Each structure stands twice: as structure tokens, then as C-alpha cells.
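Residue numbers (my numbering), protein chains in the order written: chain A, 1 to 123; chain B, 124 to 620.
Note that the Cβ used here is the ideal one computed from N, Cα and C, for glycine as well.
Note that the structure is predicted; figures quoted are calculated from it, not measured.
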Amino acid sequence: MIQLFINYYETVAVIIFSIGFTTMLLNRNLIKKIIGFNFMDCAIYLFLACKGYVEGRKAPIIIDGVQSMEAYINPVPSGLVLTGIVVSVSVTAFLLALTIRLYYRYHTLDIEEIIVLSKKEED
Amino acid sequence: MNLVQNFPFLSIILTLSGGVVCSVLKGSNARKYCYFVLTSVLVGSLLTMAYVLSTGESYVYMMGHFPAPWGNEIRVGVLETIMASLFSGIMLLSLMGGMHHIFEDTEDTKSNLYFTLVSLLSASLLALVYTNDLFTGYVFVEINTIASCALVMIRYRSGKALVATVRYLFMSLLGSGLFLIGITILYDITGHLLMENIAQSVSVLFQTGTYAFPLSVVVVLFSMGLAIKSACFPFHTWLPGAHGNATVSSSSILSGLVLKGYIFLLIKIFYRVIGMNIIFHERATNVLFIFGVFAMIIGSIKAIQEKDLKRMLAYSSVAQIGYIFLGIGLGTEAGIAAACLHIIVHAITKPMLFTACGGFMDVSGGSKKFSDIQGAGLRDKLSGIAFIVGAMSMIGIPFFAGFISKVYLTTAAIEYSSIKTVVALAALAISTLLNACYYIPAMLVLFTHPKTEKVHTHPRSKEMSLSLYIFIGLNFLMGCFSQPIVNAVIQGIAMFR
């Protein structure tokens, strides 16, 4: 139990992940679903970033000629976070574009209503 | 280094650049370019397969000049090359089969974008097949998601297609979110992203018993994430809408290939990242087995109730994905081999059925409802024959492709000898019966004379006829001379270890 407080970054990340996941799964509003998706992804990036961080060390950019590995944090998670951000930005853009199309067509953001309307439209 | 060894890397790059080139070409030129890219990838993959089969061992291809623990790698074995040839070949045939639908269903000035998406989709599928790095796998999973959702969405006139895209996209993103956090946790406990290095660390962790709980969580996250994305029961709810409302080629590509890409990645992770003994220990295979059994039965029952041919085929895909998960759920080498065979069989059969369905829609005024397509098999004979061949294959009649994978699934189940054997055999028997229950009525509808004669709205294009002939040929070839493919699959799985 005490580990949850020592690793509080990870705890917070997992809580945010669950909030995002449930919002995305259960909320009916498309915009809120998209926000949920971003919550979920950001939680993963927080998790990754704090896993790569080592207390008291600096970002891995050589400035003063210090070559020792002990001086710097692990750069791989930061790289992964950057890649992940690119992915989630493009997915978010796609989702928003899709939402705009649906809103123009059905004048609502409620996914359940949209499903009902689309069924009526084609019958 | 041999020249052939570069082909997997070149095919990924060629398809990726195809996405860029197609976006600036006009529709008809983009089509030609896409054909060119897919044909060259097919030839390249076949040559690589011949090379790997002749040397008898897999090789690792270094991307950039950084050696193993740091750099990115792709790995080429027999099974990978089989899947790459299958994916590019079927992609080509599906495109040919639904070509005039593509130009009808997209906006006039934007039909080139369809080929952009197809190129990106092929690139991501190839990368998923070949990659030796988990995070690269994740990136291409996302590219795959975006491209495949856009393939559904591109039929912009249909509101249902848009709604189906939204549902598909949200479900896929849930899946990839779970997959990503799985990778994150696995990276934290092992410190590696390359599959071999992770596998070594994981086996050490497993023997010493450290991080046992995070390891179980990782297995659950990977299985769940990829099961959602490959529409395994009970996460299949998005599939009928997405596959039923997309344009013909999209439906073929989505059900024939995209689902298989994720399943193949899952098999690869089970074998090469976590290790099959740990998967057994965590009992992940049992869960997938149960999902598979339910999918086989419930997918078929749902298909019987459908009044729409394309949605019926989509539910049939749910059932067939169940067969694949049944094979994976057995967890033995024979089970996985049978699952891989079923991936191949379903990939050459379901796109043929969807293409034939496109042919029926042409001669029935664009409708795909059973009430409207009555007698369509008589009006478009070649599509009718293709549908019969496909249906026979899906039911599992001898001399058709579907029979082979079912035989191997059955033998794998019998070899396993536990309670799973009984369940698997019962599920196979019931599901085969149910398959017949919806394919035979569909054939009867297609081949009874309608009361009112409908006009022939669209002459069948040469491309579509060619694609149907090749599909039928492949089906018989797989059904009658399957032994070389079976041997190659078994050899490929042996290379995984």
C-alpha cells in the first residue's frame, strides 16, 4: 500500500488512464469521448516520462562536456513520449474531422442519437 | 549480404512512399501506381520467401547503423514472408475486384486518396508483420487504425458508414491504448524494446519470480488490446457496421487483412516476446479459447438472423476470427499452425465473397438486402460461382480451402487431449452446421428466379472478372495442394523460437 504513495506519479497516471478509458467507453458526447482519449494517452506519457526520470540527474544533452552516464536520465522514454504524442495528435485530428462531419449532418454530438438518426435516414 | 535480404525493408519503404506519391496523382494514375507498388511488393515478398525457405533460417535486418540493443530491426522468417505475400496479393485482388465501386463511392476529385490509404495500410501491415521492435509495432498499429477507419469513412454519402467509422475508431483506440500501456509496463520491467532482448529479460524475471504481477498485467493488456482490435468476441460489436457499410474493396481488405495483421502481431508477441510457457502459466490461452468458442457460435447465430448480405458476411467474419482464436487458445504448436492456416484461408475466401457481393449489388440496383438480390447469381454468373466456391470453403467442404484449416484445427484439438478437446470439437461441429444454415439459404436466394426481372445496371469490368478467377483458382489450389503451404507454416512457427 505504501508503494502507491512512494510511486505517486505512477498512481496518478493509472488513475488518469482509468478516467480517460471509462470516459471514452461510456460517455455519449463525442467531444467528451475525444477528451477522454487524450486523457488516456497523456496518462501513458506521464507514466513513461516518470519511469525514465532518475532523481537528481539532468536531461541527456551534453553541455559542459560531462560524458558520464550517471549524470543523465534515460532518454528512451522521452523519445517514446514524443513519438506517442505525434500519433495521438494525428488521431485526435482525424476524430475531430469526423465529428465535424457528423455534426453537420445530424446537428447533434450525442452518439446514440446519431446512430438512431442514421438508421432512420437510410430506411 | 544478399540482395534479396533487402526486399522486406524496401517493400515497407515503397508502400510508405506510395502513400505520399498517390496523394498528388490523379485518381487513375494513383490506381496504376498503387497496382505497381503492390505487385512489386508481392514479387519481392515471394522472392524473400524462396530465399528464406532455401536457407532454412530467419535473419535480422538492421535499420540504420546501430547494433542490437539500441537500433531498430526487422526480422524475416518463413511465416513473415508468407504473411507479407498473402497481404500484398490479397490487397491487390481486393482492389481489382471493387475498383469501379471505389470511383463511384468516393468524391470525384478525391478518389486518389483511396489509394493513398491503401498504400499506407499495406505499409503498416507489412511493418506489423516484419517488425522486431515493440514500439515500432505500436506506431504501425496506429497507422493501421487510422488508414482502415478512413477506408470505411471514404464512402462519404452514407451516414451509416460515418457512424460505423466513429464506433470502429473509438473501439480501436481503446485497444491501442491498452496495447501501449502494456508496452510501457513491459519496458519498465525489462528495459528493452527489441523482441529478443525483452524475451531474455522476461524469462529471467519469470524464473526468479520478480515482477510476477506486472508480467500478468502485461499479458492481459496485450491480449485484450489486440483482441479488441481484431474483433474477437465480445469486442466484435463495431465490426458488422464497419464491414457492412464500407465500399466493396474496403470490406474485403478490412475483413481479409486488417484483422489478421493484429492477430499475427499477437501470435508474434506470444512466441517471441513473452514466451509460450509464460502465456500458459498466466492462462491467457484459456481466456482466448473461451472467447473463440463463443465467437464461433454467436457470430454464426447473428449471421443467420441478418437480412443484409454484406452484414451477414461481416458476422461470418466474427465467427471465423473465433476459429483463429480457438487455434491460438489451444496454445500448442499444432494449434497455432492451424490458426495461421485459417488466417490464410479466411484471407483468400472472405475478400472473394465480398467481391462477389459487389457484383450482386451491380445487378440489383446497388442494394445488398436479401429481398432485392434475389436471382442475382443468375444475372451475374461469375460472381455467383465465386460466391458458391466461397460459401463451400467457409462451410468446410473438401477440395475447398476452408476444409484444410478445419482439418488441422480438429487434429490440433484432438492432440491436446483435455477438456478443451471436447469443447473445441463440439464448437467446430456446431459452428460448421450453423455456417451451412446461413450460406445455403443465401445461395438459394441468389439462384432462384425473381418475380420481376431487374435491369443489368453495370457490366462487369475485366479487372473484377480477373480478380474473381484468381480468387477461385487460389481457393482450389489451397484446397487441393495445401501440403507445401502447411509445411512452410510449420517451419515458420519453428523459426519463431
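Helix, strand or coil at residue i according to DSSP, with G and I counted as helix
i      : result
L109/A : coil
L80/A  : helix
L316/B : coil
Y182/B : strand
K492/B : strand
K430/B : coil
T254/B : strand
P521/B : coil
M515/B : helix
V530/B : helix
I34/A  : helix
Y66/A  : Per the sequence presented here, residue 66/A reads as Val, with Tyr not at that position. Here V66/A sits in coil by DSSP.
M601/B : helix
F17/A  : helix
Q323/B : helix
G482/B : helix
L170/B : helix
S208/B : helix
A354/B : coil
K149/B : coil
P564/B : helix
G615/B : helix
A93/A  : helix
S487/B : coil
Chain B contact for residue i (CB, 9 Å cutoff)
i      : result
V66/A  : no
L102/A : yes
E122/A : yes
G56/A  : no
D110/A : no
Y53/A  : no
F5/A   : no
L82/A  : no
M69/A  : no
I16/A  : no
T11/A  : no
L96/A  : no
M40/A  : yes
Y8/A   : no
P77/A  : yes
C-beta neighbour in chain A for residue i, strict 9 Å
i      : result
Y438/B : no
S281/B : yes
R434/B : no
E265/B : yes
M276/B : yes
A273/B : yes
I304/B : yes
Y310/B : yes
G300/B : yes
Y531/B : no
L148/B : no
T261/B : The sequence shown places Tyr at residue 261/B, rather than the Thr named in the question. It does: the Cβ of Y261/B has a partner Cβ on chain A nearer than 9 Å.
F345/B : no
V286/B : yes
F358/B : no
L316/B : yes
Anticipated Cβ contact below 8 Å, residue i with residue j, distance rounded
i      : j      : result
L388/B : L349/B : 6 Å
S516/B : S440/B : With a Cβ gap of about 14 Å, S516/B and S440/B do not count as contacting.
M24/A  : M40/A  : 6 Å
V164/B : S211/B : 4 Å
G500/B : F356/B : Incorrect: roughly 31 Å between the Cβ atoms, too far for contact.
A460/B : I616/B : 6 Å
L257/B : F21/A  : With a Cβ gap of about 21 Å, L257/B and F21/A do not count as contacting.
K491/B : E122/A : K491/B to E122/A, Cβ: 12 Å. No contact.
L449/B : L532/B : 7 Å
Residues that DSSP places opposite residue i in a beta bridge
i      : result
R198/B : V183/B
V58/A  : Checking the sequence shown, residue 58/A turns out to be Lys, not Val. For K58/A, which the question treats as bridged, DSSP gives the partners Y72/A.
N29/A  : D110/A
Closer than 9 Å to chain E by CB, residue i
i      : result
I269/B : Given the protein chain composition of this structure (A and B), no chain E is represented.
Checklist entry - Does the region 475 to 482 of chain B touch the region 422 to 431 of chain B, meaning 3 or more C-beta pairs lie closer than 8 Å? => result no
Next on the checklist: With a threshold of 8 Å, are at least 3 pairs of Cβ atoms found where one atom belongs to the region 78 to 95 of chain A and the other to the region 268 to 285 of chain B?
Outcome noted: Short answer: they touch.
Checklist entry - Do the region 531 to 543 of chain B and the region 400 to 407 of chain B touch if we need at least three Cβ pairs shorter than 8 Å? => result no
Next on the checklist: I want to know whether the region 299 to 309 of chain B touches the region 32 to 46 of chain A - three or more CB-CB distances under 8 Å.
Outcome noted: yes
Next on the checklist: For the structure I just gave you, are there three or more beta carbon pairs, one from the region 311 to 324 of chain B and one from the region 175 to 194 of chain B, closer than 8 Å?
Outcome noted: Under the Cβ criterion (8 Å, minimum of three pairs), the region 311 to 324 of chain B counts as touching the region 175 to 194 of chain B.
Checklist entry - When the Cβ atoms of the region 559 to 569 of chain B are set against those of the region 409 to 427 of chain B, are three or more pairs found closer than 8 Å? => result yes
Item to check | Segment contact, 8 Å Cβ cut-off, at least three pairs: the region 600 to 619 of chain B with the region 230 to 244 of chain B | outcome: no
Next on the checklist: Check whether the region 152 to 164 of chain B and the region 210 to 225 of chain B touch, using three or more Cβ-Cβ pairs below 8 Å as the test.
Outcome noted: yes
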